[in-house]
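Notes follow once the structure below has been shown.
Protein chains: 2
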Amino acid sequence: MRIVVDAMGSDHYPVPDVAGAVQAAREWGDEMVLVGQEELVRSELAKHEVGGLAIRVVHAPEVIEMHEHTHAVKQKKESSMRVGMRMLKCDEVDAFVSVGNTAGVLASGLFELGRIRGIRRPALGTIYPVAAQPVFLLDTGATTDCKPEYLLQFAQMAKTYVEHAWGIDNPRVGLISNGEEADKGNLMVRDAYPVLENSNINFIGNVEPKEVAKGGTDIALIDGFTGNVMLKTTEAVASFLFRFLKNELSSGVRNKIALLLLLPGLVGMLPGLLLLSPSIRRIARRLDYAEYGGALLLGLNGVVIVGHGRSNARAVKNAIGQARTAVEGGVVEAIRVGLTQPAHAV
Amino acid sequence: MRIVVDAMGSDHYPVPDVAGAVQAAREWGDEMVLVGQEELVRSELAKHEVGGLAIRVVHAPEVIEMHEHTHAVKQKKESSMRVGMRMLKCDEVDAFVSVGNTAGVLASGLFELGRIRGIRRPALGTIYPVAAQPVFLLDTGATTDCKPEYLLQFAQMAKTYVEHAWGIDNPRVGLISNGEEADKGNLMVRDAYPVLENSNINFIGNVEPKEVAKGGTDIALIDGFTGNVMLKTTEAVASFLFRFLKNELSSGVRNKIALLLLLPGLVGMLPGLLLLSPSIRRIARRLDYAEYGGALLLGLNGVVIVGHGRSNARAVKNAIGQARTAVEGGVVEAIRVGLTQPAHAV
Chain A
3 MRIVVDAMGS DHYPVPDVAG AVQAAREWGD EMVLVGQEEL VRSELAKHEV
53 GGLAIRVVHA PEVIEMHEHT HAVKQKKESS MRVGMRMLKC DEVDAFVSVG
103 NTAGVLASGL FELGRIRGIR RPALGTIYPV AAQPVFLLDT GATTDCKPEY
153 LLQFAQMAKT YVEHAWGIDN PRVGLISNGE EADKGNLMVR DAYPVLENSN
203 INFIGNVEPK EVAKGGTDIA LIDGFTGNVM LKTTEAVASF LFRFLKNELS
253 SGVRNKIALL LLLPGLVGML PGLLLLSPSI RRIARRLDYA EYGGALLLGL
303 NGVVIVGHGR SNARAVKNAI GQARTAVEGG VVEAIRVGLT QPAHAV
Chain B
3 MRIVVDAMGS DHYPVPDVAG AVQAAREWGD EMVLVGQEEL VRSELAKHEV
53 GGLAIRVVHA PEVIEMHEHT HAVKQKKESS MRVGMRMLKC DEVDAFVSVG
103 NTAGVLASGL FELGRIRGIR RPALGTIYPV AAQPVFLLDT GATTDCKPEY
153 LLQFAQMAKT YVEHAWGIDN PRVGLISNGE EADKGNLMVR DAYPVLENSN
203 INFIGNVEPK EVAKGGTDIA LIDGFTGNVM LKTTEAVASF LFRFLKNELS
253 SGVRNKIALL LLLPGLVGML PGLLLLSPSI RRIARRLDYA EYGGALLLGL
303 NGVVIVGHGR SNARAVKNAI GQARTAVEGG VVEAIRVGLT QPAHAV
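Chains as they are written, first to last, in this note's numbering: chain A, 3 to 348; chain B, 3 to 348.
Have a look at this one:
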């Protein structure tokens, strides 16, 4: 498999981007194409042991920075994102991965790759980070204003992805709403309900956020505005709570004395803590976005993964892993085929 | 002050509803009017020591149950909610409090009290539970489909509330969006931005959920659909994380042995833990909805507070406390006056 990795994506490009690609090449033996400012990328690559790994560098002089908009993407035809997308378009690679500006990746994808024929709007699908079992949440930000027909297509694409990449047959699809009854929701959600109910997807009705956290649905469907606010709220709450716990327990003279008094007890607890450590690690991992890698841009003419800008090397590697799974599952081809079958017609 | 309390509101009515009203009467010396099925309410009241307290019971034969909709509210003219709202309308009481069905309270309020003249839509305002300092989030569910003009009125009502009830002068108003730039958001949010910017409120622009958690705004503004999903996501994430921590640490033989091994250490830590306990209590309180009581229904012709259906007595008492603050601050009167001033005109 050949994967093009945007070397100029992350907040600290090209450091984690290059390191993640090197890790992926080593772990899976795939060919990695690093696209970006050649000199910078090569000097970063020189810091790694890459003997025997299939890693190429392709030059792209321009960079789409984190704060830049569609306008910049339009102008910067020689940016790493657009050069990488063109390689995917021409089948020089099998997937594109970036942990850069999401709007930039989306715009580059629309300019260079285009949408799958018949798909009205793209959607960004993300594994919801706080759920008892994997839930695929979409749209988390590609299409902020949706119509019921878009949501139906999102559901159909997500169904194809979850079936092919996760191996879950006929996944449950829940519509995020402010209540479980069919008459709950804003106008768009209320209109989408019957459209989903009368389609070929396994629609389980409206779901509230607590149902998503329970893993009560495999796919959680909503417009890109609400989905983005929901995902960002989840990250904000988790990070606030952990910071709050930490600060509350370590601030003030009283607490500092308390922590000193706790020390001998903690030493006595060491054997117990060591036994507990797999659980503690599992908790930390659950909340670590690096474990998840990235989000899948569904609806484009190729496998495109976007990760968090603050990704470290492991997160970049996991985003590449997600791209591999989508390529192996033949997700884009399956969506294309699905759209030509009458049962999938809108 | 006289406050009418819906005795038939909570999931376990009339138990916590009556107990909360008794606690409030004792703590603040106010007159409480319990409205509901008289026999049931009186027999519950008989379990309490109420000597010297100003508590009355007003009979209302019908009950709006948790799952019922506007249609039921329309029919049940003699429900506790509608009878209570009529007392507020006739100035027999100063505020209405229920921890029942939010849609039921809203519909009862619209039928009996009506909106303040000039207010286009009501909004439900809630203290956001996971923030470094109080943030007033609205709308959390009264008006699912909003226009920019509604949001401006919500902001003006919230400003009045925060100034009069919290004593914060010229509070900051942030618009919840999927990014900080003015061009982020769905269509409604993008249209609302210039309307808010050109108004007399202290508009600080778009805010993301992490900014709300930091307390970077005093008022967080959004439509009732997204606001409800955001609030419910917050509750779901907090409760999931705590359950997850608990389950991870206490499941499996390995962890059970580990916890036994921890015991001697914990005993040694007792003095330290005792010193820490105010912080631990603060953490627990922060996450305890009972501390917050309820949400304020802004835009109705009177002070109306709605609490969580799973409220205990303390949560009911705190909801009554919120009603007292709003009455003392003259919030409804101030909103009325504000609307007649040209600077507040839409």
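All C-beta atoms in this analysis are idealised placements derived from N, C-alpha and C, irrespective of residue type, glycine included.
By DSSP, does B/G219 sit in helix, in strand, or in coil?
As a first step, residue 219 of chain B is located in the second sequence; it is residue number 217 there, counting from the start. It should be noted that the sequence gives Thr, not Gly, for residue 219 of chain B. In this structure, B/T219 counts as coil in the three-state DSSP scheme.
Same chain only: Cβ atoms within 6 Å of A/D13, ignoring 5 sequence neighbours per side
As a first step, residue 13 of chain A must be located in the first sequence, where it is residue number 11. Once the five neighbours on either side are set aside, the close Cβ partners of A/D13 are G311 and R312.
If I'm right that A/D220 touches A/R174 with Cβ under 8 Å, what's the distance once you round it to whole angstroms?
Residue mapping note: residue 220 of chain A aligns to position 218 of the first sequence, counting from 1. Residue mapping note: residue 174 of chain A aligns to position 172 of the first sequence, counting from 1. The pair is a contact, with the Cβ atoms about 5 Å apart (cut-off 8 Å).
Alpha carbon to alpha carbon, what distance is there between B/M190 and B/R28?
As a first step, residue 28 of chain B is located in the second sequence; it is residue number 26 there, counting from the start. As a first step, residue 190 of chain B is located in the second sequence; it is residue number 188 there, counting from the start. The straight-line gap from Cα to Cα measures roughly 47 Å.
In angstroms, rounded to a whole number, what distance separates the CA positions of B/R123 and A/A23?
Taking the first residue of the second sequence as position 1, residue 123 of chain B is located at position 121. Taking the first residue of the first sequence as position 1, residue 23 of chain A is located at position 21. Near 53 Å, if we compare the C-alpha coordinates of A/A23 and B/R123.
Any beta carbon of chain B sitting closer than 9 Å to that of A/T236?
Counted from its first residue, the first sequence places residue 236 of chain A at position 234. It does; some Cβ of chain B falls within 9 Å.
In the DSSP assignment, find the unbroken alpha helix (DSSP H) run with A/D2 in it and report its ends.
Residue coverage of chain A in this structure runs from 3 to 348, which leaves residue 2 of chain A outside it and unanswerable.
Secondary structure of B/E51, DSSP reduced to three states:
As a working mapping, residue 51 of chain B is identified with position 49 in the second sequence. Reduced to three states, the DSSP call for B/E51 is coil.
When burial is assigned at 16 or more other CB atoms within 10 Å of the CB, is A/R84 buried or exposed?
What you label residue 84 of chain A is simply residue 82 of the first sequence in a count that begins at 1. The residue is buried, with at least 16 neighbouring Cβ atoms inside 10 Å.
Delimiting residues of the beta strand (DSSP E) encompassing A/S100
For the purposes of this step, residue 100 of chain A is identified with residue 98 of the first sequence, where counting begins at 1. Unbroken beta strand (DSSP E) run through A/S100: A97 to S100.
If the cut is a Cβ gap below 9 Å, which residues of chain B does A/G359 touch?
With chain A represented from 3 up to 348, any question about residue 359 of chain A goes unanswered, as that position is not in the structure.
Return the residue from the list A/K78, A/K91, A/I129 and A/G120 that minimises the CA-CA distance to A/G106.
Start at 1 with the first residue of the first sequence, and residue 106 of chain A comes out as number 104. Out of A/K78, A/K91, A/I129 and A/G120, A/K78 has the C-alpha closest to the C-alpha of A/G106.
Along the chain, which unbroken stretches of the beta strand (DSSP E) at least 3 residues long are found entirely within the segment 176 to 222 of chain B?
204 to 209
Are the CB atoms of B/V101 and B/V296 within a distance shorter than 9 Å?
Reading the second sequence from its first residue, position 294 is the one you call residue 296 of chain B. Reading the second sequence from its first residue, position 99 is the one you call residue 101 of chain B. Note that residue 296 of chain B is Gly in the sequence shown, not Val. Yes. Within cutoff.
Can you name the start and end residues of the beta strand (DSSP E) that B/E29 belongs to?
Locating residue 29 of chain B in the second sequence gives position 27, where the first residue counts as 1. Looking at the DSSP string, B/E29 is not in any beta strand (DSSP E); the run it does join, the alpha helix (DSSP H), is V17 to W30.
Are A/D374 and A/I5 close, meaning C-beta to C-beta below 9 Å?
Because chain A spans 3 through 348 in this model, residue 374 of chain A falls outside it and cannot be assessed.
Thinking C-alpha only, which one of A/F205, A/N180, A/M68 and A/A328 is nearest B/G143?
One-based indexing of the second sequence puts residue 143 of chain B at position 141. Of A/F205, A/N180, A/M68 and A/A328, the residue nearest in Cα terms is A/N180.
Nearest by alpha-carbon distance to A/A215: which of A/V37, A/E114 and A/V137 is it?
Taking the first residue of the first sequence as 1, we reach residue 215 of chain A at position 213. Comparing Cα-Cα distances from A/A215 to each of A/V37, A/E114 and A/V137, the minimum goes to A/V137.
Beta-carbon of A/V348 versus every beta-carbon of chain B: anything under 9 Å?
Position 346 of the first sequence holds residue 348 of chain A. The predicted model places A/V348 with a pLDDT of 41, which falls under 50 and marks its position as unreliable, so this point remains unresolved.
Boundaries of the alpha helix (DSSP H) in which A/V85 is found, first to last residue:
If you number the first sequence from 1, residue 85 of chain A lands on position 83. Run containing A/V85: S82 to K91, per the alpha helix (DSSP H) assignment.
Beta bridge counterpart(s) of B/L298 as assigned by DSSP
Looking up residue 298 of chain B in the second sequence gives position 296. Bridge partners of B/L298: B/G127 and B/I307.
For B/M34, list the residues DSSP reports as bridge partners.
As a working note, residue 34 of chain B is residue 32 in the second sequence. B/I5 and B/I57, per the DSSP bridge assignment.
Does DSSP put B/E233 in a helix, in a strand, or in coil?
Position 231 of the second sequence, counted from the first residue, corresponds to residue 233 of chain B. Strictly speaking, residue 233 of chain B in this sequence is Leu, with Glu absent from that position. If DSSP states are grouped into helix, strand and coil, B/L233 belongs with the helices.
Using a cut-off of 7 Å between C-beta atoms, extract the partners of A/E210 located in chain B.
Stepping through the first sequence from its first residue, residue 210 of chain A is reached at position 208. Within 7 Å Cβ-Cβ: K234.
State yes or no: is the beta carbon of B/F242 nearer than 9 Å to at least one beta carbon in chain A?
By 1-based counting over the second sequence, the position of residue 242 of chain B is 240. Yes, its Cβ sits closer than 9 Å to a Cβ of chain A.
For A/V99, which residues in chain B fall below 9 Å Cβ to Cβ?
Your numbering for residue 99 of chain A matches position 97 in the first sequence. What A/V99 touches in chain B: nothing, since even the nearest Cβ is about 22 Å away.
Near B/G332, what residues of its chain come up, given a Cβ to Cβ distance below 8 Å and the 5 sequence neighbours on each side ignored?
Translated into positions along the second sequence, residue 332 of chain B becomes position 330. Counting only Cβ-Cβ distances below 8 Å, and skipping sequence neighbours, we find H166.
Bounding residues of the beta strand (DSSP E) (the contiguous stretch that carries B/L140):
Stepping through the second sequence from its first residue, residue 140 of chain B is reached at position 138. Run containing B/L140: F138 to L140, per the beta strand (DSSP E) assignment.
At least one CB of chain B closer than 9 Å to the CB of A/H71: is that the case?
By 1-based counting over the first sequence, the position of residue 71 of chain A is 69. Chain B contact via Cβ: present.
Under the three-state DSSP convention, the category B/E64 falls into:
Against the second sequence, residue 64 of chain B aligns to sequence position 62. Three-state DSSP puts B/E64 in a strand.
At a CB-CB cut-off below 8 Å, which residues of chain A make contact with B/G169?
Taking the first residue of the second sequence as position 1, residue 169 of chain B is located at position 167. By Cβ distance, chain A contributes nothing, its closest Cβ being about 25 Å from B/G169, past 8 Å.
B/N180 versus chain A: which residues are under 7 Å apart at the beta carbon?
Within the second sequence, the letter at position 178 stands for residue 180 of chain B. Here the neighbours are G143, T146, F227, N230 and V231.
Which residue from B/A325, B/L223, B/V334 and B/G169 puts its Cα closest to that of B/T145?
Here residue 145 of chain B refers to the residue found at position 143 when the second sequence is read from its first residue. Nearest of B/A325, B/L223, B/V334 and B/G169 to B/T145, Cα basis: B/L223.
For the segment 49 to 75 of chain A, which residues have a CB atom closer than 9 Å to at least one CB atom of chain B, in sequence order?
H69 and H71
Does DSSP put B/R117 in a helix, a strand or coil?
Along the second sequence, read from residue 1 onward, the residue named residue 117 of chain B stands at position 115. Here B/R117 sits in strand by DSSP.
Neighbourhood of A/F2 by C-beta distance below 6 Å, restricted to the same chain and skipping five residues each side
Residue 2 of chain A lies beyond the residue range present for chain A, which begins at 3 and ends at 348; the question has no answer from this structure.
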